[in-house]
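Protein chains in written order, with the working numbering: chain A, 1 to 396; chain B, 1 to 293.
Here you go:
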């Protein structure tokens, strides 16, 4: 019997290892090339390659490898090759913290990450202690709240997305009352708090606030409560699959008020899951989602990145991949002038102005570590299963 | 609260509740023949849903063929699970075996993630998704499917346990395995059969609920927990009790959203679960606990 137990144990261990293969360290610097004369810049990255946030983290990892490869092929930064050390936090903030100490012991000069708000927040104090720059790729508002000496972000802040939604309701829809349905996770709750804070300032009344658990099978009860109110629109703040479930349930209950989503549904998954119920849903997103909404230099950057990514990975990059692109390239830009000194590097990132990235035109200052503004997001409508820009009516 | 609103909460609760009930049934099946609690039950549901999705959308089979194949495949997974993980350890304590089921659930979840990716997927509703109006409230045809299948299954199970030789043998094996063995019952096969049935029923639940709630690799834990709570609430030994428990749990959740707030939904449901267990430790319809010292 013992051999059976051993066999089962070995089998499960093997499968476990298979599941964790994403956790192994990956370096993009090709070892076959002749050693660069100058010491390589070691950049750490903590992304959620596996686990629930993997649809965000996996493309981010791909992008980092792709961009670093590009930088190195072009001769590196002032002759320094870039070595990227990618750690997978498996969508768990605890692992992200462990990864920080591992990366620090490797001597990284900056850390890109995390993929999610909880991970970014968990590693923020650790990285600040080490006094090296952190480039977060998540949208949670507190990430760049004080103390923010060492943390920057490349995702548009939730605050920007919320303001975009509020502007849309006030200026385009011209409504007064709306209801909120949000996920009970940190993304949904931070969005709800921000909506509650900003709505009264814009003269909007929130008539009902309901929530659900990420994996709830049915939201008709919450929606029934909302149906009984005078709401003129429903704002759903969450990440898949919840918002798709809500869209389907709304149709079942015959609720006809407009559905406004968050940037959490700016992916094809939402359209696939909600099917016909996705039609007419409007949500804020970065311009990369609807490349035609970008103009001039940004359109060029987006198209170039998209075709490069597609050529290498046979898949379209999502907006999260864009956050990784911006993070590594802003860092590379700053390294060009600052070198690897931590203080100089931070000051140089703070001097970033007019950096044309995927998620927007970045302008960091000593006070603003968000970089992007309202202008970097657009309202997008789902029509015939495709994204189109919902143009705001001109201000009077 | 208006009547149509109340009715909608009730329907909403019955819809979620019958999903929980179907999963709860799987728990009673294994518990009835082994006294075990199988924490991989939710993963059977997940596997059933995902296999059916693959057969339907990737292999292009019609639903009527994809569903039984999915159920049979998951039943085979149940058999393999029992042979490889439970049977070699059959002389261990129950708690060891229960921990083994937790391990298997993690294993199945990871394998599913590798095979199907991380995005949840859906199936079309069996008979259209046009909601049916009912006194101002609405119900989807798929919810009616879930309710109907739950009712039919529980009736058939009752007949199976009360009338058929195999069903009686299953009960006997649970109550006293050595004695059942002496009576000529092959308890080892009975345990295997109960795992196969439980996995099959789990898969059926997965297929039925996929059009309603979508299925991804990670839903097993959540659904398993709800099904387990339903089964405990109604009585782990009694299929009728498990179904009742599942439906009651769904209705409590839904009404607590209507009356209190959606944030307290799970708190209210689990508070009532604890209350019931405090008054009736064996669940609403469970057998009285008779432990011999």
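By construction, the Cβ of each residue, glycine as well, lies at the ideal position given by its N, Cα and C atoms.
State yes or no: is the beta carbon of residue i nearer than 9 Å to at least one beta carbon in chain B?
i: residue 212/A; result: yes
i: residue 24/A; result: Because the pLDDT at residue 24/A is just 44, under 50, the model does not fix this residue reliably, and the value given afterwards should be weighed accordingly. No, because no Cβ of chain B sits closer than 9 Å to the Cβ of residue 24/A.
i: residue 363/A; result: no
i: residue 397/A; result: Missing from the structure shown is residue 397/A; chain A here goes from 1 to 396 and no further.
i: residue 54/A; result: yes
i: residue 172/A; result: no
i: residue 245/A; result: yes
i: residue 129/A; result: no
i: residue 251/A; result: yes
i: residue 385/A; result: no
i: residue 254/A; result: yes
i: residue 115/A; result: no
i: residue 50/A; result: yes
i: residue 269/A; result: yes
Please determine, among the options, the residue with the shortest C-alpha to C-alpha distance to residue i.
i: residue 310/A; options: 62/A, 350/A and 204/A; result: 62/A
i: residue 205/B; options: 19/B, 13/B and 5/B; result: 19/B
i: residue 269/B; options: 279/B, 280/B and 247/B; result: 247/B
i: residue 372/A; options: 88/A, 259/A, 286/A and 291/A; result: 286/A
i: residue 199/A; options: 264/A, 153/A and 161/A; result: 161/A
i: residue 279/B; options: 254/B, 238/B and 233/B; result: 233/B
i: residue 121/A; options: 216/A, 362/A and 187/A; result: 187/A
i: residue 284/B; options: 263/B, 37/B and 236/B; result: 236/B
i: residue 178/A; options: 209/A, 158/A, 191/A and 163/A; result: 209/A
i: residue 49/B; options: 36/B, 159/B, 63/B and 169/B; result: 63/B
i: residue 262/A; options: 204/A, 300/A, 337/A and 379/A; result: 379/A
i: residue 186/B; options: 171/B, 221/B, 198/B and 200/B; result: 171/B
i: residue 209/B; options: 102/B, 77/B, 183/B and 140/B; result: 140/B
i: residue 183/B; options: 165/B, 6/B and 66/B; result: 165/B
Between residue i and chain A, is any beta-carbon pair separated by less than 9 Å?
i: residue 296/B; result: Residue 296/B lies beyond the stretch modelled for chain B, which goes from 1 to 293, so this question has no answer here.
i: residue 105/B; result: no
i: residue 12/B; result: yes
i: residue 99/B; result: no
i: residue 291/B; result: The predicted model places residue 291/B with a pLDDT of 49, which falls under 50 and marks its position as unreliable, so this point remains unresolved.
i: residue 257/B; result: yes
i: residue 147/B; result: no
i: residue 120/B; result: yes
i: residue 263/B; result: yes
i: residue 173/B; result: no
i: residue 131/B; result: yes
i: residue 253/B; result: yes
i: residue 21/B; result: no
i: residue 41/B; result: no
i: residue 16/B; result: yes
Indicate whether residue i and residue j have their beta-carbon atoms separated by less than 9 Å.
i: residue 156/A; j: residue 359/A; result: yes
i: residue 85/A; j: residue 108/A; result: yes
i: residue 52/B; j: residue 108/B; result: no
i: residue 143/B; j: residue 15/B; result: yes
i: residue 233/A; j: residue 143/A; result: no
i: residue 137/A; j: residue 154/A; result: yes
i: residue 275/A; j: residue 248/A; result: yes
i: residue 235/A; j: residue 181/A; result: yes
i: residue 281/B; j: residue 214/B; result: no
i: residue 242/B; j: residue 28/B; result: yes
i: residue 134/A; j: residue 141/A; result: no
i: residue 67/A; j: residue 325/A; result: yes
i: residue 203/B; j: residue 59/B; result: no
i: residue 44/A; j: residue 112/A; result: yes
i: residue 91/B; j: residue 194/B; result: no
i: residue 12/B; j: residue 202/A; result: no
i: residue 17/B; j: residue 41/B; result: no
i: residue 241/A; j: residue 273/A; result: yes
i: residue 129/A; j: residue 282/A; result: no
i: residue 73/B; j: residue 227/B; result: no
Would you please state the rounded distance, in angstroms, between the beta carbons of residue i and residue j? I believe it to be under 8 Å.
i: residue 333/A; j: residue 355/A; result: 7 Å
i: residue 212/A; j: residue 262/B; result: 6 Å
Residues from the region 59–83 of chain A in contact with chain B, defined by Cβ distance under 9 Å: none
Chain A contacts made by the region 195–224 of chain B, where a contact means CB separation under 8 Å: 209, 212, 213, 214, 216, 218, 219, 222 and 223
Chain B contacts from the region 183–215 of chain A (Cβ-Cβ distance under 8 Å): 184, 210, 211, 212, 213 and 215
Under 9 Å (Cβ pairs) to chain B, residues found in the region 213–241 of chain A: 213, 214, 215, 216, 217, 218, 219, 220, 221, 222, 223, 224, 225, 227, 228, 240 and 241
Under 8 Å (Cβ pairs) to chain B, residues found in the region 278–294 of chain A: none
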